[in-house]
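K.L.:
I have a structure I would like to understand better, so I am pasting it below and will then ask my questions one at a time.
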Amino acid sequence: MVRRTSVVVAHRLSTVRNSDVIAVLDKGALVEKGSHASLMAKGLEGKVSWTVCLSTLDQYPFYSSVVLVSPQSGSLLVGERGIQISGGQKQQENILFGKEDATAEEVVEAAVAANAHGFISQLPQGYDTQVRSLVGDRMALLIQTLSAVAVSFTMGLVIAWRLALVMISMQPLIILSFYARRVLLMKMSAKGIKAQLESSKLAAEAVGNLRTVTAFSSQSRILRLFELAQLGPRREGIRHSWFAGVGLGSSQGLTCCSWAITLLYGGHLISQGMISSKAIFQTFLILVSTGRVIADVGAMTTDLTRGADTVASVFAVFDRKTPIEPDNADGQRPESIRGAIELRGVHFAYPTRSEAIVLRGLSLSIEARKSTALVGASGSGKSTIIALIERFYDPIRGAINIDGVDIRSYNLRSLRRLISLVGQEPTLFAGTVRENIVYGTDHDSVSDAEVEAAARAANAHEFICGLSDGYQTSCGERGVQLSGGQKQRIAIARAIVRNPKILLLDEATSALDSMSEKVVQEALERVMVRRTSVVVAHRLSTVRNSDVIAVLDKGALVEKGSHASLMAKGSEGKYYGLVNLQQAPHQSQL
Ligand SMILES: Nc1ncnc2c1ncn2[C@@H]1O[C@H](COP(=O)(O)OP(=O)(O)OP(=O)(O)O)[C@@H](O)[C@H]1O
Ligand SMILES: [Mg+2]
Numbered sequence: 001m002v003r004r005t006s007v008v009v010a011h012r013l014s015t016v017r018n019s020d021v022i023a024v025l026d027k028g029a030l031v032e033k034g035s036h037a038s039l040m041a042k043g044l045e046g047k048v049s050w051t052v053c054l055s056t057l058d059q060y061p062f063y064s065s066v067v068l069v070s071p072q073s074g075s076l077l078v079g080e081r082g083i084q085i086s087g088g089q090k091q092q093e094n095i096l097f098g099k100e101d102a103t104a105e106e107v108v109e110a111a112v113a114a115n116a117h118g119f120i121s122q123l124p125q126g127y128d129t130q131v132r133s134l135v136g137d138r139m140a141l142l143i144q145t146l147s148a149v150a151v152s153f154t155m156g157l158v159i160a161w162r163l164a165l166v167m168i169s170m171q172p173l174i175i176l177s178f179y180a181r182r183v184l185l186m187k188m189s190a191k192g193i194k195a196q197l198e199s200s201k202l203a204a205e206a207v208g209n210l211r212t213v214t215a216f217s218s219q220s221r222i223l224r225l226f227e228l229a230q231l232g233p234r235r236e237g238i239r240h241s242w243f244a245g246v247g248l249g250s251s252q253g254l255t256c257c258s259w260a261i262t263l264l265y266g267g268h269l270i271s272q273g274m275i276s277s278k279a280i281f282q283t284f285l286i287l288v289s290t291g292r293v294i295a296d297v298g299a300m301t302t303d304l305t306r307g308a309d310t311v312a313s314v315f316a317v318f319d320r321k322t323p324i325e326p327d328n329a330d331g332q333r334p335e336s337i338r339g340a341i342e343l344r345g346v347h348f349a350y351p352t353r354s355e356a357i358v359l360r361g362l363s364l365s366i367e368a369r370k371s372t373a374l375v376g377a378s379g380s381g382k383s384t385i386i387a388l389i390e391r392f393y394d395p396i397r398g399a400i401n402i403d404g405v406d407i408r409s410y411n412l413r414s415l416r417r418l419i420s421l422v423g424q425e426p427t428l429f430a431g432t433v434r435e436n437i438v439y440g441t442d443h444d445s446v447s448d449a450e451v452e453a454a455a456r457a458a459n460a461h462e463f464i465c466g467l468s469d470g471y472q473t474s475c476g477e478r479g480v481q482l483s484g485g486q487k488q489r490i491a492i493a494r495a496i497v498r499n500p501k502i503l504l505l506d507e508a509t510s511a512l513d514s515m516s517e518k519v520v521q522e523a524l525e526r527v528m529v530r531r532t533s534v535v536v537a538h539r540l541s542t543v544r545n546s547d548v549i550a551v552l553d554k555g556a557l558v559e560k561g562s563h564a565s566l567m568a569k570g571s572e573g574k575y576y577g578l579v580n581l582q583q584a585p586h587q588s589q590l
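Below, the structure is given as structure tokens:
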């Protein structure tokens with residue numbers, strides 16, 4: 001941040017104490033401004049000093065809304081997002097195109113993680129009209145053609161059989177040319193769809209991450225990328241029109257030739273006195289109009305081809321089988337469980353990066369109705385364990401048991417009904433606050449009182465009541481109309497309302513300020529009573545009351561015990577080291 005103007009927003013006071021200027025906001029107004037020292041000097045009168053005291057007393061060395069303004073840098077926030085964009089894109093390509101054995105879960109995960117919804121949202125475009133044209137129009141065409149052919153051939157043969165035979169014998173040639181054109185176009189339209197996919201993915205991603213794109217001023221770069229991505233489709237499009245043009249031209253040329261031959265032969269027949277000129281024109285007009293019907297069928301095949309391609313790509317997604325069957329019919333369907341979880345010698349690597357082993361023979365037993373905390377450095381595999389307990393993935397080796405039964409023997413839907421997850425990045429859906437809270441339950445069976453109780457427990461009731469329409473307020477697409485902490489509290493309420501036996505909290509309170517965190521933490525502790533809970537947290541102060549703390553390092557369990565027993569190990573212990581590291585800045589604040 002040296003020699004750059006930087007604006008930092010932080011909940012953790014320790015991260016901002018060295019800033020040149022600290023601006024304190026409260027309910028949208030600036031209440032204090034100055035250096036850390038000058039603000040602290042105000043004593044208990046001052047907001048900062050008061051909060052530091054409060055958080056120190058409560059072991060929460062963090063504060064709500066601290067905005068730092070200093071004449072320095074600003075690449076941290078946005079830099080992280082930049083990595084996310086490029087990383088995401090890569091992952092999505094791998095999953096959707098590189099790996100045929102990707103599970104549905106992974107596809108959905110990739111779609112969500114990397115905005116591959118470009119791919120998904122492209123499918124239904126004009127899908128229904130194309131399917132309708134495929135089924136309805138095909139039938140109509142078939143009947144129309146068959147009846148036209150039968151009637152006109154009969155009439156032609158009755159009126160002037162020699163001429164009719166010549167014309168009929170030329171029909172297959174015309175049909176053949178239309179058919180060849182159709183096959184060519186079919187191949188090319190499939191190629192075209194694939195080429196178009198790239199650019200629509202890019203566009204969807206850019207629109208989805210509009211803020212990041214604007215923050216980086218990378219509009220022109222995105223446009224350039226889009227133009228590049230359009231090159232393929234354009235080339236395909238040009239080839240396509242060449243073939244289509246030549247195909248159409250030759251089939252129409254053939255039609256004209258057949259007319260010329262017919263009239264020539266007809267003239268010859270008249271000169272021989274074999275038929276009258278009236279009969280020639282009758283036969284000619286009848287058979288030419290039939291030829292047109294057949295030609296129309298040929299022309300419409302292009303549309304039908306496109307329809308067939310769309311249907312094929314939609315069914316390809318529908319037919320995709322996941323190795324993890326969510327509704328396994330033979331699986332056990334427990335009404336209730338105790339909630340003892342045991343990981344036994346679990347080896348795991350993500351299917352998209354199978355060379356990077358994330359868990360190496362991890363064994364960990366999580367007692368029923370107790371709280372177990374997972375701590376460790378970033379990337380040590382905490383969220384991965386949560387994902388394995390939810391069975392988003394299966395371990396490569398080893399097993400995960402719940403109540404002594406391998407989770408692969410359960411009916412996954414029934415099992416997941418008993419588990420609630422609050423993830424690291426809370427996801428909300430377009431819909432009202434209430435809909436978001438009751439999401440994942442049988443909507444009608446949840447009363448307003450239950451929704452409110454869950455919201456109260458998650459410390460969300462107050463802010464929800466402050467919204468324009470209370471529980472009926474729309475969250476906006478992906479919850480964009482709410483702050484990070486508000487989204488997290490709604491996600492917690494959603495987990496609570498399901499009344500789960502196992503509660504998985506992955507950094508569930510990381511986006512809250514110290515005051516809300518404390519309240520939510522207390523609420524969570526109340527909710528965690530008599531439930532198995534697995535808590536992941538970076539702030540060790542939030543997990544010190546857990547019954548068991550498991551310390552992970554590079555995918556292996558290195559320590560396990562209560563806070564007191566782990567602290568008793570002294571400087572030898574990993575956990576002791578982590579706690580000391582986190583306490584260091586806050587002790588120096590005093
Ligand atoms: N979807 C994924 N595909 C491939 N690799 C992944 C995926 N998710 C995580 N990883 C890798 O697995 C490792 C463990 O990740 P995990 O998310 O479990 O870490 P964590 O302990 O939860 O970290 P943090 O505290 O930062 O959330 C990391 O090295 C990460 O790069
Ligand atoms: Mg994580």
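Going by UniProt numbering, the sequence shown opens with residue 1, and the numbers climb by one from there.
Note that CB positions come from ideal geometry on N, CA and C, so glycine has one too.
Kindly indicate which residue of Ile366, Lys501, Gly440, Leu39 has the alpha-carbon position closest to the one of Ser19.
P.N.:
Sequence index remark: in the sequence shown, residue 19 carries index 19 (1-based). Per the Cα distances, Leu39.
K.L.:
Could you say which of Ala204, Pro233, Trp242, Cys256 lies nearest to Gln171 if we only look at CA atoms?
P.N.:
In the sequence shown, the residue the question calls residue 171 occupies position 171. Comparing Cα positions, the closest option is Cys256.
K.L.:
Indicate, with yes or no, if ligand 2 has a heavy atom lying under 8 Å from the CB of Val536.
P.N.:
Here residue 536 corresponds to residue number 536 of the sequence shown, with the count starting at 1. Yes; taking the cut-off as 8 Å, the Cβ of Val536 has a heavy atom of ligand 2 nearer than that.
K.L.:
Mind the definition here: the stretch 253 to 269 touches the stretch 226 to 241 only if three or more C-beta pairs lie below 8 Å; say whether that holds.
P.N.:
Taking 8 Å as the limit for Cβ pairs, the verdict is that the stretch 226 to 241 does not touch the stretch 253 to 269.
K.L.:
Counting C-beta neighbours from all protein chains within 10 Å, is the total for Ile490 16 or more, i.e. buried, or is it exposed?
P.N.:
Residue mapping note: residue 490 aligns to position 490 of the sequence shown, counting from 1. By the neighbour-count rule (16 or more Cβ atoms within 10 Å), Ile490 is buried.
K.L.:
Can the beta-carbon of Gly267 be found less than 9 Å from the beta-carbon of Thr283?
P.N.:
Here residue 267 corresponds to residue number 267 of the sequence shown, with the count starting at 1. Here residue 283 corresponds to residue number 283 of the sequence shown, with the count starting at 1. Contact: no.
K.L.:
Near Ala458, what residues of its chain come up, given a Cβ to Cβ distance below 7 Å and the 5 sequence neighbours on each side ignored?
P.N.:
Position 458 of the sequence shown, counted from the first residue, corresponds to residue 458. Excluding sequence neighbours, Ala458 sits near Arg489, Ile492, Ala493, Ile496, Val520, Ala523.
K.L.:
Is the CB-CB distance between residue 630 and Ser546 below 9 Å?
P.N.:
The structure shown has nothing for residue 630, since the chain only spans 1 to 590.
K.L.:
Helix, strand or coil: which one does DSSP assign to Gly404?
P.N.:
What you label residue 404 is simply residue 404 of the sequence shown in a count that begins at 1. Here Gly404 sits in coil by DSSP.
K.L.:
Could you give the DSSP three-state label for Phe348: helix, strand or coil?
P.N.:
Counting from one through the sequence shown, the residue named residue 348 turns up at place 348. It is a strand residue.
K.L.:
With respect to 8 Å, is the separation between the Cβ of Gly381 and the closest non-hydrogen atom of ligand 1 below this value?
P.N.:
For this step, residue 381 is matched to residue 381 along the sequence shown. Checking the Cβ of Gly381 against ligand 1 gives yes.
K.L.:
Please say whether Leu421 and Leu512 have beta carbons closer to each other than 9 Å?
P.N.:
Looking up residue 512 in the sequence shown gives position 512. Looking up residue 421 in the sequence shown gives position 421. Not in contact: Leu512 and Leu421 (Cβ atoms no closer than 9 Å).
K.L.:
Can you list, in chain order, the residues of its chain whose CB lies under 8 Å from that of Met274, leaving out five sequence neighbours each side?
P.N.:
In the sequence shown, the residue the question calls residue 274 occupies position 274. Taken in chain order, the residues that qualify are Arg162.
K.L.:
Roughly how many angstroms separate the alpha carbons of Val7 and Ala215, rounded to a whole number?
P.N.:
Along the sequence shown, read from residue 1 onward, the residue named residue 7 stands at position 7. Along the sequence shown, read from residue 1 onward, the residue named residue 215 stands at position 215. Using only the alpha carbons, I get a separation of about 14 Å.
K.L.:
List in chain order: all unbroken alpha helix (DSSP H) runs of 4+ residues lying wholly within the stretch 370 to 458.
P.N.:
Complete alpha helix (DSSP H) runs here, min 4: 382 to 389, 412 to 417, 433 to 438, 448 to 457.
K.L.:
Cβ-heavy atom distance between Glu559 and ligand 2 below 8 Å?
P.N.:
Counted from its first residue, the sequence shown places residue 559 at position 559. For ligand 2, not one heavy atom lies less than 8 Å from the Cβ of Glu559.
K.L.:
Val314 by DSSP, collapsed to three states: which one?
P.N.:
The sequence position of residue 314 within the sequence shown is 314, counting from 1. Correct three-state label for Val314: helix.
K.L.:
Does DSSP put Val543 in a helix, in a strand, or in coil?
P.N.:
Locating residue 543 in the sequence shown gives position 543, where the first residue counts as 1. DSSP places Val543 in coil when its eight states are reduced to three.
K.L.:
Could you check if Ser258 is buried or exposed, using at least 16 other CB atoms within 10 Å of its CB as the buried criterion?
P.N.:
Within the sequence shown, the letter at position 258 stands for residue 258. Buried, by the Cβ-count rule.
K.L.:
Pull up the distance between the alpha-carbon of Val529 and that of Asn499, whole angstroms please.
P.N.:
Here residue 529 corresponds to residue number 529 of the sequence shown, with the count starting at 1. Here residue 499 corresponds to residue number 499 of the sequence shown, with the count starting at 1. Their Cα atoms are separated by approximately 12 Å.
K.L.:
Determine the extent of the beta strand (DSSP E) in which Lys560 is found, giving its start and end residues.
P.N.:
For the purposes of this step, residue 560 is identified with residue 560 of the sequence shown, where counting begins at 1. Counting along the chain, the beta strand (DSSP E) containing Lys560 begins and ends at 556 to 561.
K.L.:
In the DSSP assignment, find the alpha helix (DSSP H) that holds Thr212 and state where it starts and stops.
P.N.:
As a working mapping, residue 212 is identified with position 212 in the sequence shown. Per DSSP, Thr212 belongs to the alpha helix (DSSP H) from 210 to 215.
K.L.:
Give a yes or no on contact between the stretch 551 to 562 and the stretch 362 to 372, applying the rule of three or more CB pairs nearer than 8 Å.
P.N.:
With a cut-off of 8 Å, the stretch 362 to 372 and the stretch 551 to 562 count as touching, because enough Cβ pairs lie within range.
K.L.:
Using C-beta distances below 8 Å, list every residue in its chain close to Ala449, excluding the 5 sequence neighbours before and after it, in chain order.
P.N.:
As a first step, residue 449 is located in the sequence shown; it is residue number 449 there, counting from the start. The answer is none, since no qualifying residue turns up.
K.L.:
At a threshold of 8 Å, does Asp553 count as lining ligand 2 (C-beta to nearest heavy atom)?
P.N.:
Against the sequence shown, residue 553 aligns to sequence position 553. Not under cutoff, so the answer is no.
K.L.:
Using three-state DSSP, classify Val551 as helix, strand or coil.
P.N.:
Taking the sequence shown and counting its residues from 1, the one referred to as residue 551 is at position 551. Strand, per DSSP.
K.L.:
Is Val16 helix, strand or coil by DSSP?
P.N.:
The residue you call residue 16 lines up with position 16 of the sequence shown. It is coil, neither helix nor strand.
K.L.:
Using only alpha-carbon positions, find the residue among Ala260, Leu173, Asn328, Leu552 that is nearest to Gly381.
P.N.:
Along the sequence shown, one-based indexing puts residue 381 at 381. The candidate whose alpha carbon is nearest that of Gly381 is Leu552.
K.L.:
Rounded to whole angstroms, what's the CA-CA distance from Thr103 to Thr322? Just pull it up for me.
P.N.:
As a working mapping, residue 103 is identified with position 103 in the sequence shown. As a working mapping, residue 322 is identified with position 322 in the sequence shown. Residue placement at Thr103 is flagged as unreliable, the pLDDT there being 43, under the threshold of 50; a coordinate-derived value is accordingly withheld.
K.L.:
Go ahead and pull the three-state DSSP assignment for Asp469.
P.N.:
Working through the sequence shown from its first residue, we reach residue 469 at position 469. Asp469: coil per DSSP, three-state reduction.
K.L.:
In this structure, how does DSSP classify Ser49 when only helix, strand and coil are distinguished?
P.N.:
Here residue 49 corresponds to residue number 49 of the sequence shown, with the count starting at 1. Residue placement at Ser49 cannot be trusted, given a pLDDT of 49 that sits under 50; what the coordinates show is reported in the next sentence. Reduced to three states, the DSSP call for Ser49 is helix.
K.L.:
Expressed to the nearest angstrom, what Euclidean distance is found between the alpha-carbon atoms of residue 612 and Ala399?
P.N.:
Summary: the structure shown does not reach residue 612, with the chain confined to residues 1 through 590, and so no result is reported for it.
K.L.:
Let's see if you can read the secondary structure: which residues bound the alpha helix (DSSP H) around residue 654?
P.N.:
Since the first residue shown for the chain is 1 and the last is 590, residue 654 is missing from the structure and cannot be characterised.
K.L.:
Does the Cβ of Cys465 have 16 or more other Cβ atoms within 10 Å, making it buried, or fewer, making it exposed?
P.N.:
Along the sequence shown, one-based indexing puts residue 465 at 465. Answer is exposed; the Cβ neighbour count stays below 16.
K.L.:
In the DSSP assignment, what residue or residues form a beta bridge with Leu141?
P.N.:
In the sequence shown, counting from the first residue as 1, residue 141 sits at position 141. None; Leu141 has no bridge partner.
K.L.:
In whole angstroms, what is the alpha-carbon distance linking residue 639 and Arg360?
P.N.:
Lying outside 1 to 590, the shown extent of the chain, residue 639 is not represented and no answer is given.
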